[in-house]
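Numbering of the sequence shown is given in the numbering used here, commencing with residue 18 and proceeding in unit increments.
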Amino acid sequence: MKPLHCFVRGALLAVAGCSAGGLAMAENSQKVNVRGAVVNRAANGGEAVMNIGSNQGKVRIVGSNRQQVDISGAVVNAADAGARSELNIASRDRAKAGNNQVVSVSGPVVTSASGRGVTSTVNIGDR
(Lines of atoms letter the chains of each structure in order from A and count residues from 1; the text may use other names and numbers.)
(Lines give C-alpha, C1' and ligand atoms only; values in the text may rest on other atoms or scores of the structure.)
Protein backbone atom coordinates (compact mmCIF):
# COMPACT_ATOMS: atom_id res chain seq x y z
CA MET A 1 0.00 0.00 0.00
CA LYS A 2 1.34 3.39 -0.91
CA PRO A 3 1.64 5.95 1.89
CA LEU A 4 -1.36 8.05 2.78
CA HIS A 5 -0.92 11.80 2.51
CA CYS A 6 -3.35 14.11 4.21
CA PHE A 7 -2.81 17.82 3.66
CA VAL A 8 -4.84 20.05 5.90
CA ARG A 9 -4.84 23.84 6.05
CA GLY A 10 -7.32 25.88 8.05
CA ALA A 11 -9.66 24.84 10.80
CA LEU A 12 -10.02 21.08 11.01
CA LEU A 13 -12.07 19.78 13.89
CA ALA A 14 -12.41 16.13 14.87
CA VAL A 15 -11.94 14.52 11.51
CA ALA A 16 -12.17 10.76 11.60
CA GLY A 17 -11.11 10.31 8.00
CA CYS A 18 -7.81 10.38 6.16
CA SER A 19 -7.10 6.80 7.02
CA ALA A 20 -7.06 3.41 5.40
CA GLY A 21 -8.35 0.61 7.57
CA GLY A 22 -8.46 -3.15 7.27
CA LEU A 23 -6.33 -5.30 5.03
CA ALA A 24 -5.15 -3.52 1.91
CA MET A 25 -3.46 -5.43 -0.85
CA ALA A 26 -1.72 -3.98 -3.91
CA GLU A 27 -2.22 -0.29 -4.63
CA ASN A 28 -4.15 2.53 -2.98
CA SER A 29 -3.53 6.26 -3.31
CA GLN A 30 -5.38 9.01 -1.40
CA LYS A 31 -4.99 12.78 -1.37
CA VAL A 32 -7.06 15.13 0.79
CA ASN A 33 -6.81 18.94 0.78
CA VAL A 34 -8.93 20.84 3.31
CA ARG A 35 -8.79 24.63 3.52
CA GLY A 36 -11.91 25.14 5.61
CA ALA A 37 -13.62 23.53 8.55
CA VAL A 38 -14.59 19.86 8.78
CA VAL A 39 -16.72 19.21 11.85
CA ASN A 40 -17.70 15.83 13.30
CA ARG A 41 -20.02 15.78 16.31
CA ALA A 42 -21.73 13.12 18.37
CA ALA A 43 -23.49 13.80 21.68
CA ASN A 44 -25.70 12.05 24.21
CA GLY A 45 -24.87 8.54 23.06
CA GLY A 46 -24.99 9.35 19.36
CA GLU A 47 -22.52 8.03 16.80
CA ALA A 48 -21.12 10.19 14.00
CA VAL A 49 -18.78 8.42 11.57
CA MET A 50 -16.90 10.47 8.98
CA ASN A 51 -14.64 9.06 6.27
CA ILE A 52 -13.08 11.54 3.91
CA GLY A 53 -10.87 10.01 1.23
CA SER A 54 -10.56 6.71 3.07
CA ASN A 55 -11.34 3.04 2.83
CA GLN A 56 -13.32 1.55 5.65
CA GLY A 57 -13.71 -1.87 7.23
CA LYS A 58 -11.97 -5.03 6.13
CA VAL A 59 -10.77 -3.70 2.81
CA ARG A 60 -9.14 -5.75 0.09
CA ILE A 61 -7.71 -3.58 -2.65
CA VAL A 62 -6.44 -5.46 -5.65
CA GLY A 63 -5.14 -3.13 -8.34
CA SER A 64 -5.52 0.62 -8.39
CA ASN A 65 -7.87 2.56 -6.16
CA ARG A 66 -7.50 6.34 -5.96
CA GLN A 67 -9.47 8.94 -4.06
CA GLN A 68 -8.79 12.65 -4.29
CA VAL A 69 -10.86 15.03 -2.17
CA ASP A 70 -10.54 18.82 -2.21
CA ILE A 71 -12.71 20.64 0.33
CA SER A 72 -12.65 24.43 0.52
CA GLY A 73 -15.69 24.95 2.72
CA ALA A 74 -17.40 23.34 5.65
CA VAL A 75 -18.51 19.71 5.93
CA VAL A 76 -20.59 19.04 9.04
CA ASN A 77 -21.53 15.61 10.37
CA ALA A 78 -23.68 15.32 13.48
CA ALA A 79 -25.60 12.78 15.55
CA ASP A 80 -27.48 13.19 18.82
CA ALA A 81 -29.37 11.16 21.44
CA GLY A 82 -28.48 7.67 20.22
CA ALA A 83 -28.77 8.46 16.52
CA ARG A 84 -26.22 7.51 13.85
CA SER A 85 -24.93 9.86 11.17
CA GLU A 86 -22.39 8.58 8.63
CA LEU A 87 -20.71 10.63 5.90
CA ASN A 88 -18.45 9.05 3.25
CA ILE A 89 -16.79 11.22 0.65
CA ALA A 90 -14.95 9.26 -2.07
CA SER A 91 -14.75 6.22 0.17
CA ARG A 92 -14.96 2.58 -0.91
CA ASP A 93 -15.33 -0.59 1.10
CA ARG A 94 -14.40 -3.00 -1.67
CA ALA A 95 -12.18 -2.00 -4.55
CA LYS A 96 -11.52 -3.67 -7.85
CA ALA A 97 -8.88 -2.62 -10.33
CA GLY A 98 -9.22 0.80 -11.90
CA ASN A 99 -11.33 2.76 -9.42
CA ASN A 100 -10.92 6.51 -9.45
CA GLN A 101 -12.97 8.91 -7.32
CA VAL A 102 -12.50 12.68 -7.47
CA VAL A 103 -14.69 14.91 -5.28
CA SER A 104 -14.51 18.68 -4.82
CA VAL A 105 -16.72 20.32 -2.19
CA SER A 106 -16.65 24.11 -2.18
CA GLY A 107 -19.54 24.78 0.16
CA PRO A 108 -21.25 23.26 3.16
CA VAL A 109 -22.39 19.63 3.09
CA VAL A 110 -24.47 18.95 6.19
CA THR A 111 -25.87 15.66 7.44
CA SER A 112 -27.59 15.23 10.77
CA ALA A 113 -29.56 12.70 12.78
CA SER A 114 -31.43 13.32 16.01
CA GLY A 115 -33.17 10.83 18.27
CA ARG A 116 -32.63 7.18 19.12
CA GLY A 117 -32.66 4.88 16.10
CA VAL A 118 -32.57 7.67 13.51
CA THR A 119 -29.96 7.23 10.76
CA SER A 120 -28.65 9.77 8.29
CA THR A 121 -26.17 8.51 5.67
CA VAL A 122 -24.53 10.43 2.83
CA ASN A 123 -22.25 8.81 0.23
CA ILE A 124 -20.51 11.12 -2.23
CA GLY A 125 -18.33 9.55 -4.87
CA ASP A 126 -18.38 5.80 -5.16
CA ARG A 127 -18.83 3.25 -2.42
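For every residue, glycine included, the Cβ atom is placed at its ideal position computed from N, Cα and C.
None of these values were measured; they are calculated from a predicted model.
Pick out whichever of V119, A130, T128 has its Cα sitting closest to the Cα of D87.
On the sequence shown, residue 87 is found 70 positions in, with the first residue counted as 1. Of the listed residues, the one whose Cα sits closest to D87 is V119.
Can you tell me whether DSSP reads R4 as helix, strand or coil?
Lying outside 18 to 144, the shown extent of the chain, residue 4 is not represented and no answer is given.
Drop a sphere of 10 angstroms on the beta-carbon of T138, count the other beta-carbons inside from all chains shown, and report buried for 16 or more, exposed for fewer.
As a position in the sequence shown, residue 138 is number 121, starting the count at 1. Looking at its Cβ environment, which holds fewer than 16 other Cβ atoms inside 10 Å, T138 is exposed.
With a Cβ-Cβ cutoff of 8 Å, do I65 and N57 count as a contact?
Counting from one through the sequence shown, the residue named residue 65 turns up at place 48. Counting from one through the sequence shown, the residue named residue 57 turns up at place 40. Residue identity check: residue 65 is Ala in the sequence provided, not Ile. Yes, they are a contact pair.
Would you kindly work out how many angstroms separate the C-alpha atoms of V127 and Q47, rounded to a whole number?
What you label residue 127 is simply residue 110 of the sequence shown in a count that begins at 1. What you label residue 47 is simply residue 30 of the sequence shown in a count that begins at 1. Distance between the alpha carbons of V127 and Q47: 23 Å.
Proximity below 8 Å, CB of A91 to CB of A130:
The residue given as residue 91 occupies position 74 in the sequence shown. The residue given as residue 130 occupies position 113 in the sequence shown. No. Outside cutoff.
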